[in-house]
Amino acid sequence: DTEVTQTPKHLVMGMTNKKSLKCEQHMGHRAMYWYKQKAKKPPELMFVYSYEKLSINESVPSRFSPECPNSSLLNLHLHALQPEDSALYLCASSQTVLRGNQPQHFGDGTRLSIL
Amino acid sequence: GENVEQHPSTLSVQEGDSAVIKCTYSDSASNYFPWYKQELGKRPQLIIDIRSNVGEKKDQRIAVTLNKTAKHFSLHITETQPEDSAVYFCAAAAGGTSYGKLTFGQGTILTVHP
Numbered sequence: 016d017t018e019v020t021q022t023p024k025h026l027v028m029g030m031t032n033k034k035s036l037k038c039e040q041h042m043g044h045r046a047m048y049w050y051k052q053k054a055k056k057p058p059e060l061m062f063v064y065s066y067e068k069l070s071i072n073e074s075v076p077s078r079f080s081p082e083c084p085n086s087s088l089l090n091l092h093l094h095a096l097q098p099e100d101s102a103l104y105l106c107a108s109s110q111t112v113l114r115g116n117q118p119q120h121f122g123d124g125t126r127l128s129i130l
Numbered sequence: 009g010e011n012v013e014q015h016p017s018t019l020s021v022q023e024g025d026s027a028v029i030k031c032t033y034s035d036s037a038s039n040y041f042p043w044y045k046q047e048l049g050k051r052p053q054l055i056i057d058i059r060s061n062v063g064e065k066k067d068q069r070i071a072v073t074l075n076k077t078a079k080h081f082s083l084h085i086t087e088t089q090p091e092d093s094a095v096y097f098c099a100a101a102a103g104g105t106s107y108g109k110l111t112f113g114q115g116t117i118l119t120v121h122p
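Top line first, the protein sequences correspond to chains W and P.
With the working numbering, the residue at position 45 of the first sequence is 60, and numbering never jumps.
With the working numbering, the residue at position 96 of the second sequence is 104, and numbering never jumps.
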């Protein structure tokens with residue numbers, strides 16, 4: 016019953032590959048987020064989008080490129096990743112960030128392995 | 009930036025006992041404090057949250073308390089059940105340009121023994 020859907024669930028890629036992670040929500044939320052979670056660690060915020068505009072970038076390396084093509088979709092484009100980028104990538108959404116902090120709801124994540 | 013410390017890192021209780029997890033935060037501008045439960049291999053699930061204008065909030069067996077002066081907040085689970093076993097994360101977020109910016113604690117592994 017997850018309302019934030021992420022694809023693919025698993026991804027294995029080489030360091031020279033280009034791939035994309037996809038996130039979709041149909042709750043009418045206008046804020047969407049990317050987090051990175053390493054094993055046995057908490058989620059770490061990467062990006063925040065508000066009304067399809069990037070509002071927070073937590074100094075993420077440029078090999079990660081986010082995109083928000085519309086209010087329901089959030090992509091994360093990956094290029095020239097390093098082995099240390101292997102992690103669970105979580106997408107989340109909330110109603111908005113313009114009227115204060117709102118509950119964030121997470122998807123099941125994409126487990127990424129870099130060879 | 010915000011720093012959230014969470015204790016204990018592991019907590020083991022017998023079924024039916026209470027469990028308490030504590031977090032402290034550093035940024036006095038933080039005004040939103042959610043708690044997430046994450047079972048192995050699954051997504052973080054929001055279980056309860058509290059805002060800075062409220063001192064306590066309850067939802068069935070779960071309660072959260074907030075002490076703004078001391079900058080700490082706690083999760084209380086009563087009548088624990090084996091299905092409560094999971095990793096619990098606290099988090100804090102400030103306002104203004106930091107809306108949506110959740111900083112998480114390091115997590116507490118809760119084990120409830122039948």
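Each residue gets a CB set at the ideal place from its N, CA and C atoms; glycine is no exception.
By alpha-carbon positions, which one of the options ends up nearest to residue i?
i	options	result
P/V120	P/A94, P/R69, P/K30	P/A94
P/I71	P/I58, P/G115, P/K50	In the sequence as displayed, the identity of residue 71 of chain P is Ala instead of Ile. That would be P/I58, whose Cα lies nearest to the Cα of P/A71.
W/H44	W/L88, W/T125, W/H92, W/Q97	W/L88
W/K136	W/G29, W/M30, W/T31, W/Y50	Residue 136 of chain W is absent from the structure shown; chain W starts at 16 and stops at 130.
W/K33	W/E99, W/S128, W/A95, W/S109	W/A95
P/V62	P/C31, P/F41, P/R69, P/E91	P/F41
W/S128	W/P98, W/R114, W/N85	W/P98
W/R114	W/V27, W/V19, W/Y66, W/R78	W/Y66
P/E91	P/E23, P/G9, P/S17, P/E13	P/E23
Measure the Cβ-Cβ separation of residue i and residue j and say whether it is below 7 Å.
i	j	result
W/Y64	W/A107	no
P/G108	W/A46	yes
P/F112	W/P57	yes
P/L83	P/W43	yes
P/S36	P/N11	no
P/L19	P/T116	yes
P/N39	P/G104	no
W/D100	W/Q21	no
W/L105	W/F121	yes
Take residue i and list the residues in its own chain whose beta-carbon comes closer than 6 Å to its own, dropping the five residues that flank it on each side.
i	result
W/N116	none
P/S106	none
W/L130	G29
W/V75	M61
P/P52	Y44, Q46
P/G49	none
W/V112	A46, S65
P/Q114	Q14
Could you give the C-beta distance for residue i and residue j, rounded to a whole number, given that I count them as a contact under 8 Å?
i	j	result
W/E39	W/L60	With 8 Å as the limit, W/E39 and W/L60 do not qualify as a contact, their Cβ atoms being about 20 Å apart.
W/L103	W/Q52	4 Å
W/L69	W/P84	Rounded, the Cβ-Cβ distance is 13 Å, inconsistent with contact.
P/K76	P/S60	6 Å
P/I55	P/K65	Going by Cβ atoms, the distance from P/I55 to P/K65 rounds to 11 Å, so no, they are not a contact pair.
Looking only at its chain, what residues have a beta carbon closer than 8 Å to the beta carbon of residue i, apart from the 5 residues adjacent to it on each side?
i	result
W/I71	L60, F62, V63
P/V21	A27, T88, L118, T119, V120, H121
P/L110	P42, A99, A100, A101
W/D16	Below a pLDDT of 50, predicted positions are generally treated as unreliable, and W/D16, at 48, falls in that range; no measurement from the model is reported.
P/S159	This structure gives no information on residue 159 of chain P, because the portion of chain P shown stretches from 9 to 122.
Note down, in chain order, each residue of its chain lying with its Cβ closer than 7 Å to the Cβ of residue i, except the 5 sequence neighbours on either side.
i	result
W/S35	N90, L91, H92, L93
Less than 7 Å between CB atoms is the rule here; does residue i satisfy it with respect to chain B?
i	result
P/L54	Any reference to chain B falls outside this structure, whose protein chains are W and P.
Can you list, in chain order, the residues of the segment 109–121 of chain W whose Cβ is nearer than 9 Å to any Cβ on chain P?
So the list reads S109, T111, V112, L113, R114, G115, N116, Q117, P118, Q119, H120, F121, given in the order they occur along the chain.
Below 9 Å between beta carbons is the criterion; list the residues of the segment 11–28 of chain P that meet it against any residue of chain W, in chain order.
Those would be V12, Q14, in chain order.
Just by C-beta distance, which residues in the segment 20–47 of chain W are closer than 7 Å to chain P?
Within the segment 20–47 of chain W, the residues whose Cβ lies closer than 7 Å to some Cβ of chain P are A46, listed in chain order.
At a Cβ cut of 7 Å, what residues of the segment 88–103 of chain P count as close to chain W, listed as they run along the chain?
Cβ contacts with chain W come from F97, A101, G103.
Going along the segment 79–113 of chain W in order, which residues come within less than 8 Å of chain P, judged by CB to CB distance?
The segment 79–113 of chain W vs chain P, Cβ under 8 Å: L105, S109, V112, L113.
Residues within the segment 107–118 of chain P neighbouring chain W, beta-carbon criterion of under 7 Å:
Contact annotation: in the segment 107–118 of chain P, residues whose CB is within less than 7 Å of a CB in chain W are Y107, G108, K109, L110, F112, G113, Q114, G115.
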